[in-house]
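Let me begin by presenting the structure, written as structure tokens, before commenting on it.
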Amino acid sequence: MLAMPQAVLLLAVSCAAVLAAGVSGQPVSPAAERTNCPAKCGDVEIHYPFGVGPGCSVDAGFEVTCNETTTPPSLQLGNIIIANITLEKAQMVVYTFLTYSCRVPGSNNTVDTQTNSMELSVSTPFLVSPSDNVFTSVGCNSLAQLVGHSGTYYHTGCITTCASVNETADDGAPCSGHGCCEASIMPGLFLVNVSWSDRAEESDYHVPGNLCQYAFVATKGWYVLLLVSYFY
């Protein structure tokens, strides 16, 4: 199995729920000021309306857990790992995985294609932030697909082209389709699913030396800041 790095996906917390917790009125008290409520899990500070344990969150939708079996301990909302919580923006940043389509040499001069998709679903009052996230695909001659749900289904794609791995856009250049493609996402999504078109397995579209294609929904600027070392 190929080891893939993690991407950072930003989710927007319902402003109304956070404001009701006291952001616009009375100051929000740290978790430590509430009886038996942890103020931190690993490296992540726990801000009300979130809380670990009974009576520590504003309601069940904001109840999080601290998984102490990981190093360092990880703060989780269901099976989603939280990187940080920012009350000023009414947002939390969570981790999710890259998707990929890779050509892997097999026995008897054969080549196998391994693909990995990603689905992330959140519940009320959380939504995927359209202003802080972007759908990105990286590779030569790839076609990645993003499906979302906001009560109705949303479907878009991202196509990249390049003649060779040495003729892609320079590091830090905008993702305009030359080895890297970006697409905005619509507001109101509570589910995102990234997958690969059958084109990923068709030999006519493969570029020598480009063994893997990648796609992800992540915070804007994450690819430029963190992924150059993985791909180039």
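Under my numbering, the first residue of the sequence shown carries the number 157, and numbering increases by one thereafter.
Heads up, the beta-carbon is just placed ideally off N, CA and C, and yes, glycines get one too.
Since the model is a prediction, treat every value here as computed from it, not as a measurement.
Closest to Arg259 by C-alpha separation, out of Gly377, Gly209, Cys368, Lys376, would be which residue?
Cys368
Leu302: which of Leu347, Leu283, Asp199 sits nearest, CA to CA?
Leu347
Paired residues, beta bridge with Ala216 - DSSP:
DSSP, once it has assigned bridges, lists no residue as partnering Ala216.
Is the number of C-beta pairs between the segment 285-302 and the segment 368-378 that are closer than 8 Å three or more?
yes
Which first and last residues belong to the beta strand (DSSP E) in which Thr292 is found?
289-294
Identity of the residues DSSP links to Lys196 by a beta bridge
Glu201
Could you tell me the distance, in whole angstroms, from the CA atom of His334 to the CA atom of His311?
22 Å
Would Thr280 and Gly198 be called neighbours here (beta carbons separated by less than 8 Å)?
no
Measure how close the beta-carbons of Gly304 and Ile341 come, nearest whole angstrom, since I'm counting them as under 8 Å.
7 Å
Compare the C-beta of Gly333 against all C-beta atoms of chain D and say whether one is closer than 8 Å.
The question asks about chain D, but that chain is absent: this structure has only one protein chain.
Distance, Cα to Cα, Thr316 vs Tyr379?
15 Å
For Ser263, which of helix, strand or coil comes out of DSSP?
helix
Which residues DSSP lists as bridging Tyr379, in chain order:
DSSP output for Tyr379 lists no bridge partner at all.
Rounding to the nearest angstrom, what Cα-Cα distance links Ser285 and Asn366 in this structure?
32 Å
Relative to the alpha-carbon of Val249, which residue among Ile238, Thr255, Leu231 has its alpha-carbon at the smallest distance?
Ile238
So which of Val363, Ser351, Ile202 has the shortest CA-CA distance to Leu243?
Ile202
DSSP has Ser277 in a bridge; who is on the other side?
Leu347
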